[in-house]
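K.L.:
Residue numbers for the sequence shown, in this note's numbering: 4 to 193. Each residue gets a CB set at the ideal place from its N, CA and C atoms; glycine is no exception. Before anything else, here's the structure in question.
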Amino acid sequence: MNDLLDGLHERVRALRYTVSRIGLTPLLVRGGVFVTVLVGFLVAYPVQAFTPRSVLALTVVAVLPAVGPRRIWPTFAALVTVGGWLLATLGYDRPPELWRLLAVAALLYLGHTLCALAALLPFDAVVDPDLVLRWLTRAGGVVLASGVLGIVLAWLGGVGGSRGFQAATVAGLLVAVGLTALLSFLLRRR
């Protein structure tokens, strides 16, 4: 029994030491993960699904990737967000509006990239704010470019009546092939 208490005291001491050394920037990045994931839930889920119990559960799920960004929790939170989108569109017959789709996609990406940054930063890191600013600027550029591309592809889908879907499919495939070629080029360049 004494060994159990000694082990517990050691863990509490280690936790207290870790909490006393937490840096502001890693804490803010993890707070950004929490807020981004929670806002993604609020955009994806229908209003009818929000009860006090479900809001509490979604808040807990939003805390998990902020606490453990290196674990399975970011993927779990993304799947819960997609599940909310599917629940809204299939279960509650909410029409899939373009702005909501772009917002959910942008929040999923921002949550993912913030989790990646949080996974790289130790709790006690002293980080130059320019690093986080450059990271967020790059993420904002990706969100902006993909949003513009998504709007253009949605517009192409409406051109030409029923043949517009074929044009959007071909354009989407060309974009996917182009991005694959670009990524391949960038990987070989290293």
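(1) What is the DSSP secondary structure of E100, reduced to helix, strand or coil?
(2) Given T116, which residues of its chain have a CB within under 6 Å of its CB, disregarding the five upstream and five downstream residues?
(3) Could you give the residue range of the alpha helix (DSSP H) that holds D6?
(4) Measure the C-alpha to C-alpha separation of A122 and P72 and round it to an integer number of angstroms.
(5) I need the straight-line Cα distance from G34 to S187, nearest angstrom please.
(6) Roughly how many angstroms separate the alpha carbons of Y95 and V135, rounded to a whole number?
(7) Between which two residues does the alpha helix (DSSP H) containing P72 stretch?
(8) What is the rounded straight-line gap between the Cα of L104 and the Cα of L27?
(9) Exposed or buried, which one is L177 when buried takes at least 16 other CB atoms within 10 Å?
(10) Report the CB separation of A47 from G87 in whole angstroms; it is logged as a contact under 8 Å.
(11) In three-state DSSP terms, what is D133?
(12) Which value, in whole angstroms, describes the spacing of the CA atoms of D2 and R24?
(13) Considering only their Cβ atoms, is the gap separating V146 from A119 smaller than 8 Å?
(14) Tell me whether G181 is buried or exposed, calling it buried when 16 or more other Cβ atoms sit within 10 Å of its Cβ.
(15) If you count every other CB in all the chains shown that lies within 10 Å of the CB of L190, and 16 or more means buried, which is it?
P.N.:
In this structure, then:
(1) coil
(2) Excluding positions up to five away in sequence, the list reads A142.
(3) 5-23
(4) 5 Å
(5) 34 Å
(6) So the two alpha carbons sit approximately 39 Å from each other.
(7) Taken as a continuous stretch (DSSP letters only), P72 belongs to no alpha helix (DSSP H), as it is neither H nor E.
(8) Note on geometry: alpha-carbon atoms of L104 and L27 lie some 33 Å from one another.
(9) exposed
(10) 4 Å
(11) D133: helix per DSSP, three-state reduction.
(12) The chain is shown from 4 up to 193; residue 2 falls before or after that span and cannot be answered.
(13) Their beta carbons are not under 8 Å apart, which means A119 does not touch V146 by this criterion.
(14) exposed
(15) exposed
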